[in-house]
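Everything on this sheet refers to the single structure shown next.
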Amino acid sequence: MLMPEQGQKNKQVIPAPGPGGGSGPGPQAPQVEKPNTEEILKRMRKVDPDQARRYRQRTGE
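Residue numbers for the sequence shown, in my numbering: 2 to 62.
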């Protein structure tokens, strides 16, 4: 059972802006740089060498 007004409603879809973009007054994503993967891998090797190896395989490094 559809109500007559529900069948005729048209929803206007507005595409979301890209990362960090948007010209609206709302909050925007901060512009941050990508972390240095070598530094992350060094710290991971100290804690757990196996986890560092799995991370390299997963990220393709």
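The beta carbon of each residue, even a glycine, is placed where N, CA and C say it ideally should be.
Model, not experiment: these values are computed from the prediction.
The alpha carbon of THR38 has as its nearest neighbour, out of VAL14, LYS47, ARG57, ILE15, the alpha carbon of ARG57. Within the model, the alpha-carbon separation for ARG59 versus ALA30 is close to 26 Å. For the region 26-61, the full-length alpha helix (DSSP H) segments reaching 4 residues or more read 38-48, 50-60 along the chain.
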